[in-house]
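Chains as they are written, first to last, in my numbering: chain A, 1 to 286; chain B, 1001 to 1320.
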Amino acid sequence: MATIAASGHIAKRSTAAARTVSRGSALMTLAKRRFVLSARTPREILVPLLTPILFALVIAPALATMVHSTIGLDYKTFVAVGTVGLLVPLSCMFAGIGVIVDRDSGARRELLAAPVPRSLMVGGNFIVALTVSALQLSALIIAAIARGAKFHTSASGVGWFVAAAFVFAIASYGIAEVMANRIPRQEEYVGATPAIAILPWFLAGSLFPIHALPAWLAAVAKVLPLTHALAIMRYGLLDRRATGLHDIWGMSSATGEATLSLLVVAAWAVVLSSASVRVFATAAVR
Amino acid sequence: MVRSRMTRPGPAIEVTGLRKTYPGGVEAVRGIDFTVQPGEVFGLLGPNGAGKSTTIGMLTTTIRPTGGTAKLAGYDVVREPLAARQVSSVVFQEAVVDRGLSGRAHLDMHARLWGVAPRAARDRSAEVIEAFGLGDVIDRQVHGYSGGQRRRLELARALVSQPQVLFLDEPTVGLDTRIRYELLDLIGGLCAGNDMTTLLTTHYLDEAERLCGRIAIVHAGAIVALETPMNLLASLGGEIAEIRVSGDPQPALFRLRRRGLAGEDAFAVGSTLTVPLHSRSSRSVVNELHAAEIATTSVATRKPTLDDVYLQLTGDSLTA
């Protein structure tokens, strides 16, 4: 073991004048930390991409073979977009585990003592969850195209898709952060993950339109942010007739319906992200 | 972007009526007051559960006070928390590291979060790496560090931002004796001749005596004495008699006081009677006990320690 060296030459320094750190720089530092801790090896980056690739290459084509679509859309592409509704919440929920690890390992205390707003700690984690989600969605779409999915790629369509995915990711990470700060044990958090990340997927029109659900379940689905997000994403990349949005709103203007749905997802995002910052601050500072 | 903020004149740490009551009604800190001047090394001495770490938590804004005020370099920890955190660094009692990051990544991250310019951060990191003997391990992940190496890394990290106020919360707890003494040397070197203010909490008497210019003895969330180590020890005189008696020592203490052989500063803990002698002789004390037919199992005289001061003030042992 190394012996501690003499320390005289650092003892006689003057302390530095107080500084103020820019929020952008602090946010990037926190995001970099989380990224390094979450994806240290190529394996840690590649493994999360297996799920979307598997869905696009195997599950969506297999379902399309078995199911005869009556909705006038390519079912393979329909399921590929629906898979987004599984990937984003799962990525965000897994990112929440990092919050619990920080809390349990004590590493969070150093960050709490740093001269940066504590909301940035939530923001730093969100950036990494968003990056992982974006990588997964990219892998999904590339694999889906390779397997024959037919996307309509107009600038406005891609814009709707990206906006819906981004705002939905904010809402999803908000839930993850709230749960990670409220649930005392990691095992309990992992146990709750399917209820948050997978259950809504079955109800939100991921594998079939919500008009196929019983009326009361369709009513529940219309409240879920995922239902709105998927309908917007399909409108952007697949279904210019906006059948998913019509199922929700029953209006004549697809753009108007998409705007309303985006506002619904955005409202969820605002509420959940605000709650996440508040819950983090309350839980972190006793 | 890094902007300079003016340092306000006045004490480095100013604590007035600081109080913390946790949900459920546990009063961890009961309205404490103290002031620490720039460059001073100040100790909070007390046993586990006395409220030392809660005090550090409030000063570092990781615990919310329920009453009173505290200022670091003039910045109120509640109203100006970012500024208060900007001028301070802390080494917490428990390990506060990311085990998956390298030691160098810890230093870099601290420098960035505290707004140290990149070039200054590189220079400063190189200095602390050398000073703390971390050169061989700095690029390894922290999960491979020994307890002593991890502690040195935490100290080095806290100094990268050249804080005006450094908090050391039980910095040597859990370390083996050799590493503990090496670390004490290091901390002593840091504190000497520096304009950095250090607030140290400890329940080790030698640590407090060796490092601190002034000590506040904390008991059950309150400060029961605040003095230099020398003055605290002087309050018990130059010599004390430590007398072990068979059975209850209170009658013996009562008798000695009645005869003027023990003052109000004499105290009994368990079966041990501690009598500051001041100008009295230990023989007269022993003779009086024999005359009263109070059986003693041992009698010894020695110089008082901070433990005696603490026991005299609180009746509890520091090492409890």
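Cβ atoms here follow ideal geometry from the backbone N, Cα and C, with glycine treated the same way.
Give me the residue from the options with the minimum Cα distance to residue i.
i, options, result
"A/Ala-267", "A/Leu-238, A/Ala-229, A/Asp-247", "A/Ala-229"
"A/Gly-24", "A/Ala-165, A/Met-121, A/Ile-45", "A/Met-121"
"B/Ala-1268", "B/Arg-1259, B/Val-1245, B/Arg-1099", "B/Val-1245"
"B/Val-1026", "B/Ala-1220, B/Thr-1201, B/Ala-1252", "B/Ala-1220"
"B/Gly-1043", "B/Pro-1118, B/Leu-1199, B/Gln-1086, B/Asp-1169", "B/Leu-1199"
"A/Phe-126", "A/Val-265, A/Val-178, A/Leu-217, A/Ala-62", "A/Val-178"
"A/Leu-87", "A/Val-277, A/His-246, A/Ser-138, A/Leu-263", "A/Ser-138"
"B/Arg-1214", "B/Ala-1225, B/Leu-1205, B/Pro-1229, B/Ile-1223", "B/Pro-1229"
"B/Thr-1154", "B/Arg-1140, B/Asp-1139, B/Pro-1171, B/Gln-1164", "Residue identity differs from the one stated: residue 1154 of chain B is Glu in this sequence, not Thr. Of the listed residues, the one whose Cα sits closest to B/Glu-1154 is B/Pro-1171."
"A/Leu-140", "A/Ser-154, A/Val-79, A/Ala-180", "A/Val-79"
"A/Ile-100", "A/Glu-187, A/Ile-45, A/Leu-272", "A/Glu-187"
"B/Ser-1282", "B/Ile-1240, B/Ala-1073, B/Phe-1132", "B/Ile-1240"
"B/Asp-1108", "B/Asp-1308, B/Val-1015, B/Arg-1124", "B/Arg-1124"
"B/Arg-1030", "B/Thr-1301, B/Thr-1069, B/Ile-1013", "B/Thr-1069"
"A/Val-190", "A/Gly-250, A/Phe-94, A/Arg-241", "A/Phe-94"
"A/Ala-171", "A/Arg-109, A/Phe-280, A/Leu-272", "A/Leu-272"
"B/Leu-1236", "B/Gln-1250, B/Glu-1227, B/Arg-1259, B/Asp-1308", "B/Asp-1308"
"B/Glu-1080", "B/Arg-1064, B/Gln-1093, B/Ala-1095", "B/Arg-1064"
"A/Ala-221", "A/Ser-261, A/Gly-124, A/Pro-117, A/Leu-135", "A/Ser-261"
"B/Gly-1174", "B/Leu-1205, B/Gly-1057, B/Glu-1094", "B/Glu-1094"
"B/Thr-1301", "B/Thr-1272, B/Tyr-1310, B/Ala-1291", "B/Thr-1272"
"A/Pro-225", "A/Pro-214, A/Ala-212, A/Ala-215, A/Gly-205", "A/Gly-205"
I need the boundaries of the beta strand (DSSP E) containing residue i, first residue and last residue.
i, result
"B/Glu-1014", "1013 to 1021"
"B/Asp-1169", "1165 to 1169"
"B/Pro-1276", "1272 to 1276"
"B/Glu-1027", "1027 to 1036"
"B/Arg-1214", "1214 to 1219"
"B/Lys-1071", "1067 to 1072"
"B/Ala-1241", "1240 to 1245"
"B/Leu-1226", "1222 to 1227"
Which first and last residues belong to the alpha helix (DSSP H) in which residue i is found?
i, result
"A/Phe-78", "75 to 105"
"B/Pro-1009", "Run containing B/Pro-1009: none; DSSP gives neither H nor E here."
"A/Val-178", "155 to 182"
"B/Val-990", "Any question about residue 990 of chain B goes unanswered here, given that chain B covers just 1001 to 1320."
"B/Glu-1154", "1147 to 1160"
"A/Leu-140", "119 to 146"
"A/Ala-195", "186 to 197"
Run the CB neighbour count on residue i, radius 10 Å, all protein chains shown included, and call it buried at 16 or more, exposed below.
i, result
"B/Lys-1303", "exposed"
"B/Ala-1126", "exposed"
"B/Gly-1017", "exposed"
"B/Met-1196", "buried"
"B/Glu-1293", "exposed"
"A/Ser-7", "With a pLDDT of only 44 at A/Ser-7, under 50, the local geometry of the prediction cannot be trusted, and the value read off the model is given with reservation. It is buried - the Cβ of A/Ser-7 has at least 16 other Cβ atoms within 10 Å."
"A/Ser-156", "exposed"
"A/Ser-274", "exposed"
"B/Pro-1276", "buried"
"A/Ser-91", "buried"
"A/Leu-27", "buried"
"A/Ser-253", "exposed"
"B/Arg-1003", "Per-residue confidence for B/Arg-1003 stands at a pLDDT of 37, beneath the threshold of 50, marking its modelled position as unreliable; no derived number is given."
"B/Asp-1139", "exposed"
"B/Asn-1231", "exposed"
"B/Arg-1180", "buried"
"A/Met-1", "Residue placement at A/Met-1 is flagged as unreliable, the pLDDT there being 38, under the threshold of 50; the coordinate-derived value follows with that caveat. Its Cβ having fewer than 16 others within 10 Å, A/Met-1 is exposed."
"A/Lys-76", "buried"
"A/Leu-237", "buried"
"B/Gly-1260", "exposed"
"B/Asn-1287", "exposed"
Consider the C-beta atom of residue i and the heavy atoms of the ligand HEM; say whether any pair is separated by less than 6 angstroms.
i, result
"A/Asp-102", "Summarising the ligand content, the structure contains no ligands, and the ligand HEM is consequently not present."
Original post:
Are at least three pairs of beta-carbons, each pair with one atom in the stretch 1088 to 1105 of chain B and one in the stretch 1029 to 1046 of chain B, less than 8 angstroms apart?
Top reply: no
Original post:
Which of the residues in the stretch 1085 to 1115 of chain B, read from start to end, lie with their CB under 8 angstroms from any CB of chain A?
Top reply: Arg-1085, Gln-1086, Val-1087, Ser-1088, Ser-1089, Val-1090, Phe-1092, Glu-1094, Ala-1095, Val-1096, Val-1097, Asp-1098, Arg-1099, Gly-1100, Leu-1101, Ala-1105, Met-1109, His-1110, Arg-1112, Leu-1113, Trp-1114, Gly-1115
Subject >> At least 3 beta-carbon pairs within less than 8 angstroms: the stretch 1145 to 1153 of chain B vs the stretch 1042 to 1056 of chain B >> reply: no
**OP:** Report the residues of the stretch 27 to 47 of chain A with a CB closer than 7 angstroms to any CB of chain B, ordered along the chain.
**Re:** Thr-29, Arg-33, Val-36, Leu-37, Arg-40
**OP:** Please list the residues of the stretch 1021 to 1033 of chain B that have a C-beta atom closer than 8 angstroms to any C-beta atom in chain A, keeping them in chain order.
**Re:** Tyr-1022
Subject >> Within 8 angstroms of chain A by C-beta, residues of the stretch 1051 to 1067 of chain B in sequence order >> reply: Gly-1057, Thr-1060, Thr-1061, Thr-1062, Ile-1063, Arg-1064
**OP:** Give a yes or no on contact between the stretch 217 to 236 of chain A and the stretch 161 to 178 of chain A, applying the rule of three or more CB pairs nearer than 8 angstroms.
**Re:** yes
Original post:
Between the stretch 42 to 58 of chain A and the stretch 184 to 199 of chain A, do at least 3 Cβ pairs fall closer than 8 angstroms?
Top reply: no
Subject >> the stretch 1233 to 1253 of chain B in contact with the stretch 1279 to 1295 of chain B per 3-pair CB rule at 8 angstroms >> reply: yes
Subject >> Where the stretch 1209 to 1220 of chain B meets chain A: residues whose CB sits under 9 angstroms from a CB there >> reply: none
Subject >> Touching by the beta-carbon criterion (3+ pairs, under 8 angstroms), the stretch 100 to 115 of chain A and the stretch 1085 to 1092 of chain B >> reply: yes
Original post:
Closer than 7 angstroms, Cβ to any Cβ of chain B: which residues of the stretch 118 to 146 of chain A, in chain order?
Top reply: none
**OP:** Would you list, in chain order, the members of the stretch 220 to 240 of chain A that have their beta-carbon closer than 8 angstroms to a beta-carbon of chain B?
**Re:** none
Original post:
Taking Cβ-Cβ distances below 9 angstroms as the criterion, which residues of the stretch 1072 to 1083 of chain B are in contact with chain A?
Top reply: Ala-1073, Tyr-1075, Pro-1081, Leu-1082, Ala-1083
**OP:** Determine which residues of the stretch 147 to 181 of chain A have a Cβ less than 9 angstroms from any Cβ of chain B, and write them out in chain order.
**Re:** none
**OP:** Answer yes if the stretch 1159 to 1170 of chain B comes into contact with the stretch 1113 to 1124 of chain B, meaning at least three C-beta pairs across the two stretches below 8 angstroms, and no otherwise.
**Re:** yes
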